[in-house]
Every structure is written in structure tokens, then in C-alpha cells.
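In the UniProt record's numbering, the protein residues as written are 1 to 76. Glycine is no exception: its CB is placed at the ideal position from the N, C-alpha and C atoms.
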């Protein structure tokens, strides 16, 4: 079984939390520092995972304010 990269694992975990409602539309995700501590990785895989989720339209980043779960209605 191929090893899943840290960024894929983190992206999938956040995806699952959004799907389950743990992170609701409009919720702010934990800070980069908190995510690094939670997943026990460096900043790079966390940033990469957030970029993947942004590309999928699940979250949106706001410079200096954090990353938020997008509203289901906003995704086209």
C-alpha cells in the first residue's frame, strides 16, 4: 500500500472534519501553529494541505486573519 504524504493525510483529515460538521461553514480553522502541533509536522505539509483544500473550494484563506471553511452555497 503506498504511503500517503503528510499533506494528503492532513487535507483528508480536514476534509473529513468539514464533511462531519466538526468544522462548519464560516468556522475558522486552527492556526498554522496549532495545526503543526496537532499533526506533528513542519509548516510545509500544513500549508500544502490548506492549498489543496483552497483549490477544492472547501476553505478560503484571508491574509492575516486565518483560514475559514467556505459556505456550501459558495462552491459552484
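C-alpha distance - residue i paired with residue j, whole-angstrom precision
i, j, result
"residue 25", "residue 4", "27 Å"
Local Cβ density within 10 Å of residue i, reported as buried at 16 or more and exposed below that
i, result
"residue 2", "exposed"
"residue 49", "buried"
"residue 33", "exposed"
Range covered by the beta strand (DSSP E) that runs through residue i
i, result
"residue 68", "66-69"
Own chain residues within Cβ distance below 8 Å of residue i, not counting five before or after
i, result
"residue 58", "14, 15, 18, 69, 70 and 75"
"residue 43", "32 and 36"
"residue 66", "28, 29 and 31"
is_contact[residue i, chain B] using C-beta, thresh 9 Å
i, result
"residue 69", "No chain B is part of this structure, which consists of one protein chain only."
Nonlocal neighbours in the same chain, by C-beta distance under 6 Å from residue i, ignoring five residues either side
i, result
"residue 23", "17 and 69"
"residue 86", "Any property of residue 86 remains undetermined from this structure, which presents the chain solely from 1 to 76."
Nonlocal neighbours in the same chain, by C-beta distance under 7 Å from residue i, ignoring five residues either side
i, result
"residue 11", "49, 52 and 53"
Continuous alpha helix (DSSP H) stretch holding residue i: start and end
i, result
"residue 44", "43-55"
"residue 60", "Note, residue 60: premise wrong, no alpha helix (DSSP H); beta strand (DSSP E) at 59-62."
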